[in-house]
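J.:
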Amino acid sequence: MTSQLEAYRLLQAGAEALSFVEEAGVCVDTDYCREELVGVDRRLFRSEVRLKHSPLGKAWIQRYGSAWRHSSVAQLRHILYQDMHAQPFKASEGGSESTDEESLRQTGVDGVEHLLELRRWKKARDVLVSFVRYATQGRMYPSFLLHTVATYRSSSADPNLQNVPHRDKEVMDVCRRAIKPSPGNLLLEIDFSGIEVAIAACYHQDPTMIAYLNDTSSDMHGDMAKELFLLPRFNTPYKEIEGWYTVRQASKNGFVFPEFYGDYYINCAFNIACSWCKLPQNGIWRPDQGASFAGKPLGEHLLSRDIDSLDAFTNHVQRVERNFWERRFKVYNQWRKDWYASYQRTGEFEMKTGFRCSGVLARNQVVNYPVQGAAFHVLLFTLIKLVERLRGMQSRVIGEIHDSAIIDVSPPELDRIIAMAQEIATVEVPREWRWITIPLRIEVARSAIDGNWAEMEAAG
DNA sequence: GGAACTCGCCAC
DNA sequence: AAACGTGGCGAGTTCC
Numbered sequence: 358m359t360s361q362l363e364a365y366r367l368l369q370a371g372a373e374a375l376s377f378v379e380e381a382g383v384c385v386d387t388d389y390c391r392e393e394l395v396g397v398d399r400r401l402f403r404s405e406v407r408l409k410h411s412p413l414g415k416a417w418i419q420r421y422g423s424a425w426r427h428s429s430v431a432q433l434r435h436i437l438y439q440d441m442h443a444q445p446f447k448a449s450e451g452g453s454e455s456t457d458e459e460s461l462r463q464t465g466v467d468g469v470e471h472l473l474e475l476r477r478w479k480k481a482r483d484v485l486v487s488f489v490r491y492a493t494q495g496r497m498y499p500s501f502l503l504h505t506v507a508t509y510r511s512s513s514a515d516p517n518l519q520n521v522p523h524r525d526k527e528v529m530d531v532c533r534r535a536i537k538p539s540p541g542n543l544l545l546e547i548d549f550s551g552i553e554v555a556i557a558a559c560y561h562q563d564p565t566m567i568a569y570l571n572d573t574s575s576d577m578h579g580d581m582a583k584e585l586f587l588l589p590r591f592n593t594p595y596k597e598i599e600g601w602y603t604v605r606q607a608s609k610n611g612f613v614f615p616e617f618y619g620d621y622y623i624n625c626a627f628n629i630a631c632s633w634c635k636l637p638q639n640g641i642w643r644p645d646q647g648a649s650f651a652g653k654p655l656g657e658h659l660l661s662r663d664i665d666s667l668d669a670f671t672n673h674v675q676r677v678e679r680n681f682w683e684r685r686f687k688v689y690n691q692w693r694k695d696w697y698a699s700y701q702r703t704g705e706f707e708m709k710t711g712f713r714c715s716g717v718l719a720r721n722q723v724v725n726y727p728v729q730g731a732a733f734h735v736l737l738f739t740l741i742k743l744v745e746r747l748r749g750m751q752s753r754v755i756g757e758i759h760d761s762a763i764i765d766v767s768p769p770e771l772d773r774i775i776a777m778a779q780e781i782a783t784v785e786v787p788r789e790w791r792w793i794t795i796p797l798r799i800e801v802a803r804s805a806i807d808g809n810w811a812e813m814e815a816a817g
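Those letters in the first sequence? Residues 358 to 817, per this note's numbering, in order.
1. Name the one or two DSSP bridge partners that residue 502 has.
2. Please give the ranges of any alpha helix (DSSP H) in the stretch 508-575, keeping only runs that are unbroken, at least 4 residues long and fully inside the region.
3. By how many angstroms is the C-alpha of residue 553 removed from the C-alpha of residue 759?
4. For residue 694, which of 676, 719 and 711 has the nearest alpha-carbon?
5. Among the candidates 518, 535, 399 and 519, whose CA atom is the shortest distance from the CA of residue 807?
6. Going straight from the alpha carbon of residue 401 to that of residue 411, what length do you get?
7. With distance defined between alpha-carbon atoms, name the residue in 708, 751 and 738 nearest to residue 818.
8. Under 6 Å Cβ to Cβ from residue 781, same chain only, skipping five residues before and after it: list those, please.
9. For residue 653, list the residues DSSP reports as bridge partners.
10. What's the C-alpha gap between residue 416 and residue 444?
11. Please name the residue or residues paired with residue 497 in a DSSP beta bridge.
12. Assess, as a yes-or-no matter, whether the stretch 376-394 is touched by the stretch 488-505 under the definition of 3 or more beta carbon pairs within less than 8 Å.
13. Would you check if the stretch 648-664 and the stretch 587-602 touch, i.e. whether three or more CB-CB distances between them fall below 8 Å?
14. According to DSSP, is residue 761 helix, strand or coil?
15. Flag residue 382 as yes when its Cβ comes closer than 8 Å to any non-hydrogen atom of the ligand NAP, and as no otherwise.
16. For residue 441, collect the residues of the same chain with a Cβ closer than 7 Å to its Cβ; drop the 5 residues on either side in sequence, then sort them by chain order.
17. According to DSSP, what are the bridge partners of residue 730?
18. Look at the alpha carbon of residue 603 and the alpha carbon of residue 648, and state the distance between them as a whole number of angstroms.
19. With 16 as the cutoff for other CB atoms within 10 Å, does residue 810 come out buried or exposed?
20. Rounded to whole angstroms, how far is the Cβ of residue 581 from the Cβ of residue 550, which I believe are closer than 8 Å?
21. Output the boundary residues of the beta strand (DSSP E) element that contains residue 450.
22. What's the call for residue 464, buried or exposed, on a 16-neighbour Cβ count within 10 Å?
23. Run through the DSSP bridge pairs and tell me what residue 714 is partnered with.
24. Could you tell me the alpha carbon to alpha carbon distance between residue 427 and residue 666, rounded to whole angstroms?
25. Span of the beta strand (DSSP E) holding residue 799?
26. What does the alpha-carbon distance come out to for the pair residue 481 and residue 544?
27. How close, in whole Å, do the beta carbons of residue 537 and residue 386 come, if the pair is a contact with beta carbons under 8 Å?
28. Does the distance from the C-beta atom of residue 518 to that of residue 499 stay below 9 Å?
29. For residue 436, which of helix, strand or coil comes out of DSSP?
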């Protein structure tokens, strides 16, 4: 078992390595930011005009006049739930009626789509403005901290380089085009794929999970997708069927990962029904909408197996969940129970990397912290070694996002750095930590020379 | 005029 | 029994 002293040494070396990362800084194209802000502002203006002329906007201005602010959730709450008598869909953390994206869509009020569009581009605007604000002579210097997070992960600030938009393709493009390699260089991103799932397996040693992780031809998310959506058998491989990727993603992001984090079937069923099947709308189960698979909407696949309501789907997901934890991954499930019981007895637990957690923690925290923390420590170890070995070279590690490192690479050094990263991740990490019993894999992506962070291609 | 709070939302 | 884990940040708002 790794000792607390080793944990301390990892933090010490990590802090030193990250100080070099901070010193290197990130190249940012402020001319691009300023130009792009013109277009973003134009989008914002157009959406604001549309909102003003919608029923929602009219009601808003009628009550607040020139004091109306589309960014004021307090005003919005009043308009939606008092003046327009919309049905609150859920409460926020503090107990008031929520005005988040899901809640706005659920109201069905005419005009919320313009407000959501405003929020989307406001986010992009905030990112570009912060880049301009933090840039000095074409570089900015985000902080990477190791002492702020309960799980012993890192955080980033001023600006936060760990939450630059990615999933929304359009917004991602606008924001990440601003981040560049140094002149003549390229950006390289080294990413540990599925690291949290692999690290979790090092704790629970579930044979079914280990088999999935060792057999690259198996596909856990694909198997779960078939079960979740009751997909029929086909003569052709699933991956050749239209919509397979979407269905698999729905299963992964709507069921498997939420279950790993501690969510449960009622939420999963509802989210999948809303986000992927576009169900239920106004309480009516409409199987003809949403993502489709083999030319048929997912709702129809479900209907053909007698799932004709949200209740029926929820019951089905409950059965899938039982099968998931009580049969498929029962050893994993037993580990969660034992791990939590041990915490309840002792009031503390220790991560595989030697970090100790104590205090009043909820069950989900107790189960998640050791995985989240140790997974990050694998990245931190890799980053420390990379920073060490890049001394005397031209390339610099310039950032880190929990399971990936970003490097500003001088082209002649590219192949050497990729080989270095492969060696560290797949040989040196498991040699340092014998408890790593699952093979670790990295994915490498690169930009063009003088490219940007929005246009990354697989490399290595 | 600033501290502290809530809310929404981006990342992993 | 409980019910998605960890952060940072901007805007609005309230309080002192």
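Even glycine gets a Cβ: it sits at the ideal position worked out from N, Cα and C. In this text, all values refer to a predicted model and were calculated from it rather than measured experimentally.
T.: According to the data block:
1. 512
2. 526-533, 552-561 and 564-571
3. 10 Å
4. 719
5. 535
6. 15 Å
7. Coverage of the chain is limited to positions 358 through 817, which leaves residue 818 absent and any answer about it impossible.
8. 739 and 742
9. 650
10. 16 Å
11. 383
12. The stretch 488-505 vs the stretch 376-394: in contact.
13. The stretch 587-602 is in contact with the stretch 648-664.
14. strand
15. Ligands are entirely absent from the displayed structure, and the ligand NAP is therefore not among its contents.
16. 416 and 466
17. Answer is none; residue 730 lacks a bridge partner.
18. 7 Å
19. Residue 810 should be labelled buried.
20. About 18 Å; that fails the 8 Å criterion.
21. For residue 450, there is no enclosing beta strand (DSSP E), as DSSP marks it with neither H nor E.
22. buried
23. 706
24. 36 Å
25. Looking at the DSSP string, the run of the beta strand (DSSP E) that includes residue 799 is 799-803.
26. Going by the C-alpha atoms only, they are around 21 Å apart.
27. 5 Å
28. Yes.
29. Here residue 436 sits in helix by DSSP.
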